[in-house]
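J.:
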Amino acid sequence: MSRLPTPITVSGPPDSRRALRRRRTGEAAMAWTFVSPAVLIIIGLSVVPIIWSLLLSFQADDLVTPSRWVGPDNYRALAQDPHFSQALRNTLLYTALYVPASMAVGLLLALALNRRIRFVGLYRTLYFVPFVVSATAQGVLFSFILDPEFGAANAVLHHLGIPSQGFLTDPSQALPVLVAISLWSGTGFCLVIYLAALQDVPASLIEAARLDGAGRLQLLRHVTLPALRPVTVFLLLWQTIESLQTFDLVYVTTKGGPLGSTTVIVYFIWQQAFQNATAGYGAASAYVLAVALGLIGLILQFVRRRVQGASA
Amino acid sequence: MTTVSAPPGAAQAASSAPRPDTRRRHPRLPFSPWHLLLAPTALLFAVPLIWVALSSVMSNAEINRFPPALWPSHLDLGGYRYVLGNAMFPRWFANSFVVSLVTVTANLVLGTLGGYAFARMRFAGSRLLLGLMLATMAIPFQLTMIPTFLVMRQLGLIDTLGALIVPSLVTPFSVFLLRQFFLSLPRELEEAAWIDGCSRLHVLWRIVLPLSRPALSTVAVLTFLSTWNDLTWPLIAINHDTQYTLQLGLTTFQGQHHTQWAAVMAGNVITVLPVLLAFLGAQKAFIQSITSTGLKG
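Protein sequence lines correspond, in order, to chains A and B. In terms of the numbering used here, the first sequence opens at residue 249 and continues consecutively. In terms of the numbering used here, the second sequence opens at residue 27 and continues consecutively.
(1) Short of 6 Å in beta carbon distance, which residues of its chain neighbour Y346 of chain A, apart from the five on each side in sequence? Order them along the chain.
(2) Rounded to the nearest angstrom, how far is the Cβ of P260 of chain B from that of L190 of chain B, given a contact under 8 Å?
(3) Measure the beta-carbon distance from G151 of chain B to L204 of chain B and round it to whole angstroms, keeping in mind my assumption that it falls under 8 Å.
(4) By a C-beta neighbour count over all protein chains shown, 10 Å radius and 16 as the cutoff for buried, is P116 of chain B buried or exposed?
(5) Taking the C-alpha atoms as reference points, what is the distance between L303 of chain A and T343 of chain A?
(6) Is the CB of Q556 of chain A under 8 Å away from at least one CB in chain B?
(7) By the DSSP assignment, the alpha helix (DSSP H) with M114 of chain B in it spans what residues?
(8) With DSSP as the reference, label W97 of chain B as helix, strand or coil.
(9) Under the DSSP definition of a beta bridge, which residues are partnered with W432 of chain A?
(10) Exposed or buried, F57 of chain B, counting other C-beta atoms within 10 Å across all chains shown (16 or more means buried)?
(11) At the level of alpha carbons, what is the spacing between A113 of chain B and G281 of chain B?
(12) Measuring alpha carbon to alpha carbon, tell me which residue in B:R146, B:V125, B:H100 is nearest R226 of chain B.
(13) At least one CB of chain A closer than 8 Å to the CB of Q168 of chain B: is that the case?
(14) Using the rule of at least 16 other Cβ atoms within 10 Å of the residue's Cβ for burial, across every protein chain shown, is V377 of chain A buried or exposed?
(15) Relative to the C-alpha of L230 of chain B, which residue among B:I221, B:E216, B:G293 is closest?
(16) Any chance you could list the alpha helix (DSSP H) runs of at least 4 consecutive residues sitting entirely within the segment 321 to 362 of chain A, in chain order?
(17) Any beta carbon from chain B within less than 8 Å of G545 of chain A's own beta carbon?
(18) Counting only beta-carbon separations shorter than 8 Å, does R153 of chain B have a partner in chain A?
(19) With 8 Å as the limit, tell me which residues of the segment 138 to 165 of chain B have their beta carbon closer than that to any beta carbon of chain A; keep them in chain order.
(20) If you follow the alpha helix (DSSP H) that R477 of chain A is in, where does it begin and where does it stop?
(21) I'd like to know whether the C-beta of Q280 of chain B is nearer than 8 Å to at least one C-beta of chain A.
(22) Is the shortest distance between the beta-carbon of T488 of chain A and the beta-carbons of chain B less than 8 Å?
(23) Give every residue of the same chain whose Cβ lies closer than 7 Å to the Cβ of Q307 of chain A, excluding the five residues on either side of it in the sequence, and list them in chain order.
(24) CB-CB under 8 Å to Q269 of chain B, same chain, minus the five flanking residues each way: which ones, in chain order?
(25) For A385 of chain A and L276 of chain B, what's the separation of their Cα atoms in angstroms?
(26) DSSP three-state call for Q386 of chain A: helix, strand or coil?
(27) Using the beta-carbon count (16 or more within 10 Å), is M351 of chain A buried or exposed?
(28) With burial defined as no fewer than 16 other Cβ atoms inside 10 Å of the residue's Cβ, what is the status of L241 of chain B: buried or exposed?
(29) Against A562 of chain A, what residues of chain B qualify as contacts under a CB-to-CB distance less than 8 Å, listed in chain order?
(30) Sorted by chain position, which residues of the same chain lie with C-beta nearer than 8 Å to D496 of chain A's C-beta, five sequence neighbours on each side aside?
(31) The ligand GTP and V295 of chain A: does the residue's C-beta get closer than 7 Å to at least one heavy atom of that ligand?
(32) Pull up the distance between the alpha-carbon of M178 of chain B and that of W486 of chain A, whole angstroms please.
(33) Can you pull the chain B residues whose beta carbon is under 8 Å from the beta carbon of I393 of chain A, in chain order?
(34) Along the alpha helix (DSSP H) that carries A218 of chain B, what are the first and last residues, could you check?
(35) Could you run through the segment 278 to 302 of chain B and flag, in chain order, every residue whose CB is less than 7 Å away from some CB of chain A?
(36) Taking buried to mean at least 16 other C-beta atoms within 10 Å of its own C-beta, is I393 of chain A buried or exposed?
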């Protein structure tokens, strides 16, 4: 900071203000030069595609031959497509399992770490490391560990006298196993966010409650958890949006199988657009997803406003 | 630290005085009982990664017998030799590196220029543009991926690294995060230099950027993480294996070499290691980036 020029000229004579104004007139051109790359790329590759997608969703398009206008047929077909409703069910089940579990475990570990004990830094690192591992690497790693024939997981079960499991190859186990893998990588994120929020809870507040005779559980219920409410709403929004958009892990591990038991909605979209060459149909299902995400976002934004309003 | 207004000694008195304590006294452990929860869970989080590293130096015979060996009998680098020699991992690594490097650099440069203009410069339509840009952050990628594919094909970029770079040259997140940071800097510093006749670029380079390290590193860290780890877009935009990124290469390689687990795990280590080293090297910046964007949301 010390090597910066001291702002003596700001309160200087009026001619400096005139100079300021003169320089401002040439500024618009400069500003446009600064923003135009960002504007071109961001608007060009989002607003244009959104409209294009909408038009596409009313067409039959195989990405090769010219497309044909079909009106709302794609949406009508979606409503009757059993694969689409299965994908919806799978996605909702995945989200309903993953989001609360990742937040609860993250909160529990954050509460355990938010005290003066040894190795706090080491623990935090170990919990958080899986978060930076790509979904691809996670998928390859767990396909290996959970391999029904050669995997380490079944070897451990064997030692414990438990029969071998199918894991990702078993239609009734595959989705919960995917949730477990996501918990391995996603819990650290919730933990780190909760831990930072816990450290922001004013120590004076806690001490005051303690002096008033609050026990540990009362302290948690009446002081700590209410203070965490805004962060909880944020995490709920974030984790829900993330898990509704799961794709990479499914592609790497199960490719939607076995028997469609792990086909999530984004996998369905990808399959329709890029494997089955029914891009219009894919675009329509993407629109359904986007509208659902938008609604969830709006509802949670509303809740968040109210929570913040209440705590402020 | 807690009893600021109390006289010295009062804190100790308070803590030694009998207070309504509902806690039962446990037989004393030589460590905090919380470790009984924390240590096993930490092990659970660490074991899969340790297992990858161990398996990558085992022989396929050791891995493929049942039950598999839990510790390599000797250091077998066959997996790495195969992955680095016969397979295309070096090529894929270079592709990922180029894509990440260009994307991060472009986001820093274009995000700074855009963010600075939105924070400090006056021009017609700036409010509208900023609002529009912010709104695009809420658009899920799935909605834009099909038309983006068509645009990239029109540009002749499909099956080139360009298709991976162009759509993420600058993200609304980079622009917005840097704008917010620039707004938090004291304006006087810049105006003084500006009145003294420095150009905007000069002010930006000499005064603003040196103060903006934390925001720039947040943008760099998060852009690198999402670019390096992405699978969806490379899967759509790339067909030919010479243009694969590491993530795309790894999953394809696994599909083709299903029983050569040592090699697959060696490939996995190579894919994860750069991010892991970056994380361990700059852990503080990493976690701060994530919590600051998370807490301010």
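Even glycine gets a Cβ: it sits at the ideal position worked out from N, Cα and C.
T.: The short version:
(1) V427, S430, S491
(2) About 6 Å; that satisfies the 8 Å criterion.
(3) About 20 Å; that fails the 8 Å criterion.
(4) exposed
(5) Taking the straight line joining both Cα atoms gives about 30 Å.
(6) no
(7) Here M114 of chain B belongs to no alpha helix (DSSP H), and DSSP marks it neither H nor E.
(8) coil
(9) Partner(s): none; W432 of chain A has no beta bridge.
(10) Exposed is the call here.
(11) 13 Å
(12) B:R146
(13) With its beta carbon less than 8 Å from one in chain A, Q168 of chain B belongs to the interface.
(14) buried
(15) With distances taken between Cα atoms, L230 of chain B lies closest to B:E216.
(16) 321 to 328, 330 to 361
(17) By this cut-off, G545 of chain A is an interface position.
(18) no
(19) L139, G140, Y142, A143, F144, M147, R148, F149, A150, S152, L155, L158, M159, T162, A164, I165
(20) 477 to 492 is the extent of the alpha helix (DSSP H) around R477 of chain A.
(21) At least one chain A Cβ lies under 8 Å of Q280 of chain B.
(22) Cβ-Cβ to chain B under 8 Å: no for T488 of chain A.
(23) S315, R316, W317, V318, G528
(24) N121, D185, T186, L187
(25) Take the alpha-carbon of A385 of chain A and the one of L276 of chain B: they are about 8 Å apart.
(26) helix
(27) For M351 of chain A, the number of other beta carbons within 10 angstroms of its own is at least 16, and it is reported as buried.
(28) The sequence shown places Ala at residue 241 of chain B, rather than the Leu named in the question. The residue in question, A241 of chain B, is buried, as its Cβ has 16 or more Cβ neighbours within 10 Å.
(29) Residue coverage of chain A in this structure runs from 249 to 560, which leaves residue 562 of chain A outside it and unanswerable.
(30) S382, A383, T384, G387
(31) With respect to the ligand GTP, the structure offers nothing, as it holds no ligand at all.
(32) Those two C-alpha atoms are separated by around 29 Å.
(33) Counting only Cβ-Cβ distances below 8 Å, I393 of chain A has contacts in chain B at P74, W77, in chain order.
(34) Counting along the chain, the alpha helix (DSSP H) containing A218 of chain B begins and ends at 213 to 221.
(35) For the segment 278 to 302 of chain B, the beta-carbon criterion of a distance under 7 Å to any beta-carbon of chain A is satisfied by Q280, W287, V290, M291, N294, T297, V298, V301, L302.
(36) When all chains shown are included, I393 of chain A counts as buried.
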